[in-house]
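If you're matching positions, the first sequence starts at 1149 in the working numbering and goes up one per residue.
Virtual Cβ for every residue (Gly too), placed ideally from N, Cα, C.
Just so it is clear, the structure is predicted and the values come from calculations on it, not from any experiment.
Below: the structure, in structure tokens.
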Amino acid sequence: MQFTLSAQPPFSLPAVVRSHGWAQLAPFGIEEDSGRLTYVVRLESSRVVALAIGEAPDGVSVEVDAELDPLEQTEVGGMVSWMLGLDQEFDAFYALAQEEPKLARVVERAQGRLLRSPTLFEDVVRTISTTNTQWRATIRMNAALVDHFGAPLAADPARRAFPTPEQLAVLDEAALRSEARLGYRAPYVLELAQAVADGTLDLEALKSTAMPTPQLRKRLLAIKGVGNYAAANLLMILGRYDFLPIDSWALKMVSREWHDGEQIGPAEVEAAFARWGEWQGLAYWFWAWEE
DNA sequence: GGTAGACCTGGACGC
DNA sequence: GCGTCCAGGTCTACC
């Protein structure tokens, strides 16, 4: 079945897909011929369905490989809307960006939205898998988690959904180390899955909380495996841009841009973007760096 | 509050 | 083929 969803203008599906590397992580995918974003998801009913999301006038079209009942369609619609940030608007950021040559292109490209997973749990696990490793290993970890522990698609069992907290919570640390190659991250992911599965930690509530950003950041930092970089990355996913996800790449790029390649620390990165206030995360993320 | 060392994997390199 | 070194953030112990 197929249906459409409207987006807050301006909207560009390719801009969301290219906003960061999530589209390369299982169970996301890109259709070679059409360029549509694909995703395999397990619904609340435990049904596993495949989505193919393409551009449509004023928004996106969503093709599902099965017929959905009205409740399931509402669930998938809400999920896709969250993943693509269809309701997000960036007028205030664009007004500032137009005055900065290094950000002028974000307006014409409709940049600002970051591709998200349906659940914050999934995005926390993904973010932990990006830390202290190379991107190729991150791709491998996510693929292994999906391949070994995700629920299969009935029509094509080779395709699987991202494992739920409940599915991971019953595993042991050794399985996450050896099968998913999570290494020292295994106990962090296991602890997180168990806390979400038993209700101790309500991550989904953080998607809509009115909590001030510093307080929300403290909540994220309380998760084992989530440090300053990971917390800032997750805040960006949650639509809060007051903190910068400073990693080794950020230090290198800011050093090149403003410090003649000299060794710098996080304080210099923060100083470089402080003037962007609540939008500093986006200013950093979409800055036209000299590669 | 700041710092050093350990954590784990995989790639690069030298032998 | 094997061993060593290194990069990549976070945690813990220690000062």
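In three-state DSSP terms, what is aspartate 1239?
Along the first sequence, read from residue 1 onward, the residue named residue 1239 stands at position 91. Aspartate 1239: helix per DSSP, three-state reduction.
For the stretch 1290 to 1371, list the beta strand (DSSP E) runs that are entirely contained and at least 3 residues long, ordered along the chain.
Complete beta strand (DSSP E) runs here, min 3: 1304 to 1308.
What separation, rounded to the nearest whole angstrom, lies between the Cα atoms of tryptophan 1435 and alanine 1303?
The count along the first sequence starts at 1 and reaches residue 1435 at position 287. The count along the first sequence starts at 1 and reaches residue 1303 at position 155. Cα to Cα, the separation comes out at about 42 Å.
Here's the rule: buried if 16 or more other CB atoms are within 10 angstroms of the residue's CB, otherwise exposed. What is glutamate 1215?
Here residue 1215 corresponds to residue number 67 of the first sequence, with the count starting at 1. With fewer than 16 Cβ atoms within 10 Å of its Cβ, glutamate 1215 is classed as exposed.
Have a look at the DSSP bridge pairing and note the partners of glycine 1226.
Residue mapping note: residue 1226 aligns to position 78 of the first sequence, counting from 1. Answer by DSSP bridge pairing: none, since glycine 1226 is not bridged.
Have a look at tryptophan 1437 and glutamate 1247 and give me their C-alpha separation to the nearest angstrom.
Locating residue 1437 in the first sequence gives position 289, counting from the first residue. Locating residue 1247 in the first sequence gives position 99, counting from the first residue. Looking at the two C-alpha atoms, the distance is approximately 17 Å.
When the distance is taken between beta carbons, is alanine 1431 closer than 9 Å to leucine 1263?
Against the first sequence, residue 1263 aligns to sequence position 115. Against the first sequence, residue 1431 aligns to sequence position 283. Not a contact, by the Cβ cut-off of 9 Å.
For tyrosine 1389, does the count of other Cβ atoms within 10 angstroms reach 16, so buried, or fall short, so exposed?
As a first step, residue 1389 must be located in the first sequence, where it is residue number 241. The residue is buried, with at least 16 neighbouring Cβ atoms inside 10 Å.
Looking only at DSSP bridge pairs, what is isoleucine 1201 linked to?
Reading the first sequence from its first residue, position 53 is the one you call residue 1201. In DSSP, isoleucine 1201 forms a bridge with Leu1185 and Val1210.
Here's the rule: buried if 16 or more other CB atoms are within 10 angstroms of the residue's CB, otherwise exposed. What is isoleucine 1201?
Working through the first sequence from its first residue, we reach residue 1201 at position 53. Answer is buried; the Cβ neighbour count reaches 16.
For the stretch 1255 to 1262 against the stretch 1221 to 1240, do three or more pairs of beta-carbon atoms, one drawn from each stretch, fall closer than 8 Å, so that the two count as touching?
At 8 Å Cβ cutoff, the stretches touch.
With distances taken Cα to Cα, identify the nearest neighbour of threonine 1152 among Val1164, Leu1199 and Glu1192.
Along the first sequence, read from residue 1 onward, the residue named residue 1152 stands at position 4. Closest option to threonine 1152, Cα to Cα, is Leu1199.
Which residues does DSSP list as the beta-bridge partners of leucine 1152?
The residue given as residue 1152 occupies position 4 in the first sequence. Looking at the sequence itself, residue 1152 is threonine, so the reference to leucine does not match. Paired residues: Ser1209.
Between which two residues does the alpha helix (DSSP H) containing proline 1162 stretch?
The sequence position of residue 1162 within the first sequence is 14, counting from 1. Residues 1161 to 1165.
With a 10 Å radius around its C-beta and 16 neighbouring C-beta atoms as the bar for buried, classify glutamate 1314 as buried or exposed.
Along the first sequence, one-based indexing puts residue 1314 at 166. Looking at its Cβ environment, which holds fewer than 16 other Cβ atoms inside 10 Å, glutamate 1314 is exposed.
For leucine 1368, which residues of its own chain have a beta-carbon under 6 Å away from its beta-carbon, when the five flanking residues on both sides are left out?
Taking the first sequence and counting its residues from 1, the one referred to as residue 1368 is at position 220. Excluding positions up to five away in sequence, the list reads Val1374, Ala1379 and Leu1382.
With 16 as the cutoff for other CB atoms within 10 Å, does valine 1272 come out buried or exposed?
Residue numbering aside, residue 1272 sits at position 124 when the first sequence is read from its first letter. Valine 1272 comes out buried.
Return helix, strand or coil for glycine 1169, following the three-state DSSP convention.
Stepping through the first sequence from its first residue, residue 1169 is reached at position 21. Reduced to three states, the DSSP call for glycine 1169 is helix.
Quick check on this structure: which residue in Ser1167, Thr1222 and Gln1156 has the alpha carbon closest to the alpha carbon of aspartate 1206?
Numbered from 1 along the first sequence, position 58 holds the residue referred to as residue 1206. Comparing Cα-Cα distances from aspartate 1206 to each of Ser1167, Thr1222 and Gln1156, the minimum goes to Gln1156.
Indicate whether the contact test is met: 3 or more Cβ pairs, each with one atom in the stretch 1419 to 1433 and one in the stretch 1305 to 1324, closer than 8 Å.
Judged by Cβ distances under 8 Å, the stretch 1419 to 1433 makes no contact with the stretch 1305 to 1324, as fewer than three pairs qualify.
Among Val1254, Thr1222 and Thr1312, whose alpha-carbon lies nearest the alpha-carbon of valine 1164?
Within the first sequence, numbered from 1, the residue matching residue 1164 stands at position 16. The residue with the shortest Cα to Cα distance from valine 1164 is Val1254.
Buried or exposed, going by whether 16 or more other CB atoms sit within 10 Å of the CB of glycine 1347?
As a working note, residue 1347 is residue 199 in the first sequence. Classification for glycine 1347: exposed.
Restricting to Cα atoms, I'd like to know which of Gly1177, Leu1319 and Thr1222 is closest to glutamine 1150.
For this step, residue 1150 is matched to residue 2 along the first sequence. Here the closest residue by C-alpha is Thr1222.
Work out the CA separation of isoleucine 1178 and valine 1337 for me, nearest whole Å.
Mapped onto the first sequence, residue 1337 falls at position 189. Mapped onto the first sequence, residue 1178 falls at position 30. If you take the alpha carbons of valine 1337 and isoleucine 1178, they lie about 27 Å apart.
I need the DSSP call for glycine 1177, collapsed to helix, strand or coil.
Working through the first sequence from its first residue, we reach residue 1177 at position 29. It is a strand residue.
When DSSP builds the beta bridges, which residues end up paired with valine 1196?
To locate residue 1196, count along the first sequence from 1; it is residue 48. BP columns for valine 1196 point to Arg1190.
Does the Cβ of proline 1137 have 16 or more other Cβ atoms within 10 Å, making it buried, or fewer, making it exposed?
Look at the range of the chain in this structure, 1149 to 1439, and you will see that residue 1137 is not part of it.
Under 9 Å between the Cβ atoms of alanine 1341 and leucine 1364?
On the first sequence, position 193 is the one that residue 1341 refers to. On the first sequence, position 216 is the one that residue 1364 refers to. For alanine 1341 and leucine 1364, no; Cβs fall outside 9 Å.
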